[in-house]
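**Student:** Note that numbering that gives the first Met the number 0 has the sequence shown beginning at 0, numbered continuously upward.
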Amino acid sequence: MSNVGSVQHRTGGREMGKSSVKVFLGMPVIMICLTLFTLMIVAGPAVCGGAEKKASLKIVSAWAQNNKMNDALWMLQKKVQEKSKGSLEIVWGGGPEAIPSFQLVEALRNGVVDLAWTAHTYNVAQLPVVEGAKLSRLTPWEEREKGISAFYEEIYQKKLNAQYLGKGTPGLTYNLYTTVPLKSIEEFKGMSIRVTPAYKAFVEALGAAPVATDPGEVFTALERKMVKGYGWPSLGISDFGWDSVTKFVIEPAFYQVDVIALAHINSWNKLPKDLQGVLISCMKEVERDAHAHFGKLIKQDREKITNKGIQEIKLPDAEAKKYLETAYEASWKEVLKKDPEQAPKLREMLGK
């Protein structure tokens, strides 16, 4: 079912010319129906008539409604409503139950949704270079100043009919969590660690044995000692009960979770310029607010899990440096291999 609204128009006159009537009456009924259906699909953001036009954009997220990955989405929704004085609204259109996470970008490309709250990571099959986005050590506003956001705009428009709007989880990092203590990165060798594609190359470079499982299987895998560790964002392990089978969290943290907001290019272009400006302005504000928000959540979550008995292991300076170098170099090798044309450009802009 299409999530793109239709545009309502008011005609200036009450009667059609005779020639128009003849043409209209001569059209087969099926053609009329098909034409109207097509117009509904491609109309873009819903715009209501009246003294002031109001636009409505339906957004679908790669995460369930109550997931923390959507926190900045709600910030954006509220800011847009307030700053546009009701002229623009963002309407929740569902999570992965509506469109599976890895299929969301294709739905966006085909104009099925107005906005997608997704992640660069989910779009690597279509745009291999964006696998490097998680390797940024910059803030969103630094990325805008250095032309990195403009780079994303260009490639998303070219390949996926999408307008890049901004980042949804700035400052949210990853950690490795284990059931055994570690003093050096050498001790990772041979250790079985549950992975996702986001940090698989890093785990392999540490000499550990990567194990792929669904999130729902992690608890059992830890409990039965099938794995001795896993990677996850720097908050949220308690949501799955993993804190009860985890003993250590390894510092330093690495990478950034790369949630982003995208708009279908037609939905974007059909917005009046002033509302485009409102949306981008709100996104920039949300990036700063979200950066502070996730920094605060990480501290709160760390206090929560350490109070439950999980110990924080801070690698010595020399080991920490080697650990991070391994994390970033291993992943950059993968990105450069997948997109030898664009990846060097992104790496140079990111300054690492």
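The beta-carbon is built from N, C-alpha and C at its ideal position, and this holds for glycine as well. All of these numbers come straight from a predicted model, not from anything done at the bench.
Within a Cβ cutoff of 7 Å, which residues of the same chain sit near V104, ignoring the five residues on either side of it in sequence?
**Tutor:** As a working mapping, residue 104 is identified with position 105 in the sequence shown. Cβ neighbours of V104 beyond the five flanking positions: A115, T117, Y121, N122, Q125 and L159.
**Student:** Between the C-alpha atoms of V112 and Y198, what's the straight-line distance to the nearest angstrom?
**Tutor:** For this step, residue 112 is matched to residue 113 along the sequence shown. For this step, residue 198 is matched to residue 199 along the sequence shown. The alpha-carbon atoms of V112 and Y198 are separated by roughly 30 Å.
**Student:** Per DSSP, which residues does I58 bridge with? Please list them.
**Tutor:** Sequence index remark: in the sequence shown, residue 58 carries index 59 (1-based). Answer by DSSP bridge pairing, in chain order: W91 and L114.
**Student:** Where do the N-terminal and C-terminal ends of the alpha helix (DSSP H) with E333 fall, by residue?
**Tutor:** The count along the sequence shown starts at 1 and reaches residue 333 at position 334. E333 -> alpha helix (DSSP H) spans D316 to K337.
**Student:** Could you check if W73 is buried or exposed, using at least 16 other CB atoms within 10 Å of its CB as the buried criterion?
**Tutor:** In the sequence shown, the residue the question calls residue 73 occupies position 74. By the 10 Å Cβ count, W73 comes out exposed.
**Student:** Applying the criterion that 16 or more other CB atoms from any shown protein chain within 10 Å of the CB defines a buried residue, is E286 buried or exposed?
**Tutor:** Here residue 286 corresponds to residue number 287 of the sequence shown, with the count starting at 1. Looking at its Cβ environment, which holds 16 or more other Cβ atoms inside 10 Å, E286 is buried.
**Student:** Please state whether the Cβ-Cβ distance between L56 and S266 is less than 8 Å.
**Tutor:** Numbered from its first residue, the sequence shown carries residue 56 at position 57. Numbered from its first residue, the sequence shown carries residue 266 at position 267. Yes. Within cutoff.
**Student:** Could you name the residues of the same chain whose beta carbon sits closer than 6 Å to that of Y151, not counting the 5 residues immediately before and after it, in chain order?
**Tutor:** On the sequence shown, residue 151 is found 152 positions in, with the first residue counted as 1. Y163.
**Student:** Under three-state DSSP, which class holds N174?
**Tutor:** The count along the sequence shown starts at 1 and reaches residue 174 at position 175. Note: N174 maps to strand in three-state DSSP.
**Student:** Quick one: what's W231 bridged to in DSSP?
**Tutor:** For this step, residue 231 is matched to residue 232 along the sequence shown. Answer by DSSP bridge pairing, in chain order: N174.
**Student:** Determine the contact status of L175 and I249, defining contact as a CB-CB distance below 8 Å.
**Tutor:** Your numbering for residue 175 matches position 176 in the sequence shown. Your numbering for residue 249 matches position 250 in the sequence shown. A contact, by the Cβ cut-off of 8 Å.
**Student:** Leaving out the 5 sequence neighbours to the left and right, which residues in its chain are closer than 6 Å to Y322 when beta-carbon positions are compared?
**Tutor:** By one-based count along the sequence shown, residue 322 stands at place 323. Answer for Y322: I184 and L314, listed in chain order.
**Student:** For E333 and K133, what's the separation of their Cα atoms in angstroms?
**Tutor:** Counting from 1 along the sequence shown, the entry for residue 333 is found at position 334. Counting from 1 along the sequence shown, the entry for residue 133 is found at position 134. Rounded to whole angstroms, E333 to K133 spans 13 Å at the Cα level.
**Student:** Should V256 go down as buried or exposed, given a rule of 16 or more other Cβ atoms within 10 Å for buried?
**Tutor:** Counting from 1 along the sequence shown, the entry for residue 256 is found at position 257. Buried, since its Cβ has 16 or more Cβ neighbours within 10 Å.
**Student:** Check whether the Cβ atoms of F359 and G170 lie closer than 8 Å to each other.
**Tutor:** Residue 359 cannot be examined here, being either before or after the span of the chain that is shown, 0 to 351.
**Student:** List the whole-angstrom C-beta distance separating G240 from T195, where the pair is believed to meet the contact cut-off of C-beta under 8 Å.
**Tutor:** Taking the first residue of the sequence shown as 1, we reach residue 240 at position 241. Taking the first residue of the sequence shown as 1, we reach residue 195 at position 196. Their Cβ separation, rounded to whole angstroms, is 19 Å, which puts G240 and T195 out of contact at 8 Å.
**Student:** Nearest to E284 by alpha carbon, out of N69, K82 and K320?
**Tutor:** Position 285 of the sequence shown, counted from the first residue, corresponds to residue 284. Nearest of N69, K82 and K320 to E284, Cα basis: K82.
**Student:** Which runs of the beta strand (DSSP E) at least 3 residues long sit entirely within the segment 98-167? Give them in chain order.
**Tutor:** Complete beta strand (DSSP E) runs here, min 3: 114-118 and 161-166.
**Student:** Taking the alpha-carbon of R301 as reference, which of Q64, L270, A260 and P251 has the nearest alpha-carbon?
**Tutor:** By 1-based counting over the sequence shown, the position of residue 301 is 302. Considering only alpha carbons, the answer is P251.
**Student:** Among K337, M190 and L274, which has the Cα closest to the Cα of V79?
**Tutor:** Locating residue 79 in the sequence shown gives position 80, where the first residue counts as 1. Considering only alpha carbons, the answer is L274.
**Student:** Use the C-beta contact count for P271: other C-beta atoms within 10 angstroms, 16 or more gives buried, fewer gives exposed.
**Tutor:** Working through the sequence shown from its first residue, we reach residue 271 at position 272. The residue is exposed, with fewer than 16 neighbouring Cβ atoms inside 10 Å.
**Student:** For S191, which of helix, strand or coil comes out of DSSP?
**Tutor:** If you number the sequence shown from 1, residue 191 lands on position 192. Correct three-state label for S191: strand.
**Student:** If you count every other CB in all the chains shown that lies within 10 Å of the CB of T245, and 16 or more means buried, which is it?
**Tutor:** For this step, residue 245 is matched to residue 246 along the sequence shown. It counts as buried.
**Student:** Use the C-beta contact count for E222: other C-beta atoms within 10 angstroms, 16 or more gives buried, fewer gives exposed.
**Tutor:** As a working note, residue 222 is residue 223 in the sequence shown. When all chains shown are included, E222 counts as exposed.
**Student:** Measuring only the C-alpha atoms, how far is Y327 from G131?
**Tutor:** The residue you call residue 327 lines up with position 328 of the sequence shown. The residue you call residue 131 lines up with position 132 of the sequence shown. Going by the C-alpha atoms only, they are around 9 Å apart.
**Student:** Hey, out of A207, Q156 and T177, whose CA is closest to I312's CA?
**Tutor:** As a first step, residue 312 must be located in the sequence shown, where it is residue number 313. Comparing Cα-Cα distances from I312 to each of A207, Q156 and T177, the minimum goes to T177.
**Student:** Does the distance from the C-beta atom of K182 to that of A207 stay below 8 Å?
**Tutor:** By 1-based counting over the sequence shown, the position of residue 182 is 183. By 1-based counting over the sequence shown, the position of residue 207 is 208. No, these two residues do not count as a Cβ contact at 8 Å.
**Student:** Hey, quick one: how far does the beta strand (DSSP E) through A208 stretch, first residue to last?
**Tutor:** As a position in the sequence shown, residue 208 is number 209, starting the count at 1. Segment A208 to A211, the beta strand (DSSP E) holding A208.
**Student:** What residue range does the beta strand (DSSP E) around L261 cover?
**Tutor:** In the sequence shown, residue 261 corresponds to position 262, counting from 1. It spans V258 to H263 - the beta strand (DSSP E) in which L261 sits, taken as one unbroken run.
**Student:** Which of helix, strand or coil does DSSP assign to V79?
**Tutor:** The residue you call residue 79 lines up with position 80 of the sequence shown. V79 falls in the helix class under three-state DSSP.
**Student:** Is I29 helix, strand or coil when you go by DSSP?
**Tutor:** Residue mapping note: residue 29 aligns to position 30 of the sequence shown, counting from 1. The predicted model places I29 with a pLDDT of 35, which falls under 50 and marks its position as unreliable; any figure quoted below should be read in that light. In the structure shown, I29 sits in a helix (DSSP, three-state: H, G or I).
**Student:** Span of the alpha helix (DSSP H) holding A289?
**Tutor:** Here the question's residue 289 lines up with position 290 in the sequence shown. Element bounds for A289: K272 to N306.
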